[in-house]
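Peer 1:
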Amino acid sequence: MSIIRPTSGAVETENSLINNELRSFDSRLLQFIEAARELKKRC
Numbered sequence: 897m898s899i900i901r902p903t904s905g906a907v908e909t910e911n912s913l914i915n916n917e918l919r920s921f922d923s924r925l926l927q928f929i930e931a932a933r934e935l936k937k938r939c
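Everything in the sequence shown is counted per my numbering, starting at 897 for the first residue and increasing by one.
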């Protein structure tokens, strides 16, 4: 019985997709934090 492994190209693509999602999530989170800080300054 052989183990079928995805080609390295498929793994690379999946990793880069995950990294892109994490990066976009990080930037949205940072934007949210900055906005919250601005609101605190105004109050």
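All C-beta atoms, glycine included, are put in the ideal place defined by N, C-alpha and C.
#1: Per DSSP, what kind of secondary structure is ILE899 in: helix, strand or coil?
#2: Using a Cβ-Cβ cutoff of less than 7 Å, which residues in the same chain neighbour ALA906 once the five nearest sequence positions on both sides are dropped?
#3: What number of angstroms, rounded off, separates the C-alpha of LYS936 from the C-alpha of PHE928?
#4: Have a look at ILE930 and ARG924 and give me their C-alpha separation to the nearest angstrom.
Peer 2: Put simply:
#1: Mapped onto the sequence shown, residue 899 falls at position 3. Looking at ILE899 - three-state DSSP - the assignment turns out to be coil, as it is neither helix nor strand.
#2: Your numbering for residue 906 matches position 10 in the sequence shown. Excluding residues within five positions, none has a Cβ falling inside 7 Å.
#3: Here the question's residue 936 lines up with position 40 in the sequence shown. Here the question's residue 928 lines up with position 32 in the sequence shown. Between LYS936 and PHE928, the C-alpha separation is close to 12 Å.
#4: Indexing the sequence shown from 1 puts residue 930 at position 34. Indexing the sequence shown from 1 puts residue 924 at position 28. The sequence given here has Glu at residue 930, not Ile. The straight-line gap from Cα to Cα measures roughly 10 Å.
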